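S.K.: So that we are looking at the same thing, I have put the structure below in structure tokens.
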Amino acid sequence: MKKIAVLISGQGNNLQAIIDACYSDYIPAQIACVVSNKSDAYGLTRAKKALIPQSVFLRKDFANNLAMDEAIGNYLEKQSVDLIVLAGYMKILTPGFTQRFAGRILNIHPSLLPKYAGLNSYQRAIEAGDTEHGTTVHFVNEEVDGGAIVLQAKVPIFPEDNVEDVEARTREQEYQIYPLVIKWFTERRLVLKDNVAYLDGKALPEHGYASEDDEEK
Ligand code: GRF
Numbered sequence: 009m010k011k012i013a014v015l016i017s018g019q020g021n022n023l024q025a026i027i028d029a030c031y032s033d034y035i036p037a038q039i040a041c042v043v044s045n046k047s048d049a050y051g052l053t054r055a056k057k058a059l060i061p062q063s064v065f066l067r068k069d070f071a072n073n074l075a076m077d078e079a080i081g082n083y084l085e086k087q088s089v090d091l092i093v094l095a096g097y098m099k100i101l102t103p104g105f106t107q108r109f110a111g112r113i114l115n116i117h118p119s120l121l122p123k124y125a126g127l128n129s130y131q132r133a134i135e136a137g138d139t140e141h142g143t144t145v146h147f148v149n150e151e152v153d154g155g156a157i158v159l160q161a162k163v164p165i166f167p168e169d170n171v172e173d174v175e176a177r178t179r180e181q182e183y184q185i186y187p188l189v190i191k192w193f194t195e196r197r198l199v200l201k202d203n204v205a206y207l208d209g210k211a212l213p214e215h216g217y218a219s220e221d222d223e224e225k
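Quick look at the structure:
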């Protein structure tokens with residue numbers, strides 16, 4: 009059975025969705041460990057309740073980011089994890105780390121990438137007057153929120169919406185699409201080759217599976 013590591017910094021709602029999906033056998037994998045860079049992350053409590061080993065790596069305990077990521081990488085290698093899932097891990101990984109685990113790191117970002125990479129995506133979408141928003145699961149490379157897109161989910165933005173409304177609507181989608189993509193990966197249906205994501209041997213379009221750019225072809 010494939011082994012997954014989940015990296016978190018906070019609430020761990022996505023982590024919970026992944027835990028539930030593994031326990032119900034929807035994802036045929038075992039969560040080998042949960043790693044946090046914050047000792048008070050609520051996701052650690054979720055991991056504890058699910059009897060998943062947890063470890064905390066604090067930046068202040070390392071000379072630099074490189075040393076911290078190397079220690080995390082060594083820990084993950086010792087656990088022989090097949091896939092590293094970033095679920096609200098709020099620290100940029102060093103290129104050394106992303107290259108070491110190339111093709112084996114997934115992230116979820118709350119926007120329709122490449123739009124609104126980085127922070128405050130909900131606020132930025134509302135301020136721009138957008139009528140839709142969404143979330144993206146993608147492979148991770150050295151570019152922040154920049155790796156090959158696997159799957160996106162769209163939600164509407166209504167004129168009366170505030171940040172909380174758009175976030176709640178988007179999060180609902182995250183808890184669906186992230187477990188699905190992790191399932192594909194653990195079933196070996198999803199792979200990354202030369203920075204291109206392939207599902208069942210077919211290269212995915214720029215905005216991921218079943219996106220409009222696919223239909224245009
Ligand atoms: C999610 O919205 C995800 O898109 C972003 O960080 C948030 C993490 O939330 N990367 P949680 O910790 O899973 O509740």
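In case it helps, my numbering puts the sequence shown at residues 9 to 225. All residues carry an ideal CB built from backbone N, CA and C; glycine is no exception. Since this is a predicted model, take the numbers as computed values, not measurements.
How would you write the range of the beta strand (DSSP E) that Asn115 sits in, first residue to last?
M.R.: Working through the sequence shown from its first residue, we reach residue 115 at position 107. Ile113 to His117 is the extent of the beta strand (DSSP E) around Asn115.
S.K.: Quick check on the DSSP output: what are the complete alpha helix (DSSP H) runs of length 4 or more inside the region 91-172, in order along the chain?
M.R.: Listed in chain order, the complete alpha helix (DSSP H) runs (minimum 4 residues) inside the region 91-172 are 103-108 and 129-135.
S.K.: Is any non-hydrogen atom of ligand 1 found closer than 7 Å to the C-beta of Glu172, if you look at the structure I gave you?
M.R.: Translated into the one-based positions of the sequence shown, residue 172 becomes position 164. False, no ligand heavy atom lies under 7 Å from that Cβ.
S.K.: Out of Leu207, Glu85 and Gly81, state which residue places its alpha-carbon closest to the alpha-carbon of Pro103.
M.R.: Here residue 103 refers to the residue found at position 95 when the sequence shown is read from its first residue. The shortest Cα separation from Pro103 among Leu207, Glu85 and Gly81 belongs to Gly81.
S.K.: Any idea if Phe166 is buried or exposed, counting beta-carbon neighbours within 10 angstroms, 16 or more meaning buried?
M.R.: As a position in the sequence shown, residue 166 is number 158, starting the count at 1. Under this definition Phe166 is an exposed residue.
S.K.: Less than 8 Å between the CB atoms is what I'm expecting for Leu212 and Leu188, so what's the real figure, rounded?
M.R.: Start at 1 with the first residue of the sequence shown, and residue 212 comes out as number 204. Start at 1 with the first residue of the sequence shown, and residue 188 comes out as number 180. That belief does not hold up - the Cβ atoms of Leu212 and Leu188 are roughly 14 Å apart, past 8 Å.
S.K.: Look up Gln19 in the DSSP assignment and say whether it is helix, strand or coil.
M.R.: Here residue 19 refers to the residue found at position 11 of the sequence shown. If DSSP states are grouped into helix, strand and coil, Gln19 belongs with coil.
S.K.: Could you tell me how far apart the beta carbons of Ile185 and Val145 are, in whole angstroms, since I believe they sit closer than 8 Å?
M.R.: The residue given as residue 185 occupies position 177 in the sequence shown. The residue given as residue 145 occupies position 137 in the sequence shown. So it is a contact: roughly 6 Å between Cβ atoms.
S.K.: Mind checking whether Ile16 and Ala49 have CB atoms under 8 Å apart?
M.R.: Within the sequence shown, the letter at position 8 stands for residue 16. Within the sequence shown, the letter at position 41 stands for residue 49. For Ile16 and Ala49, yes; Cβs fall inside 8 Å.
S.K.: Look at the Cβ atom of Ala110, then the Cβ atom of Tyr124, and state whether they are nearer than 8 Å.
M.R.: The residue labelled residue 110 in the question sits at position 102 within the sequence shown. The residue labelled residue 124 in the question sits at position 116 within the sequence shown. No, the Cβ-Cβ distance between Ala110 and Tyr124 is not below 8 Å.
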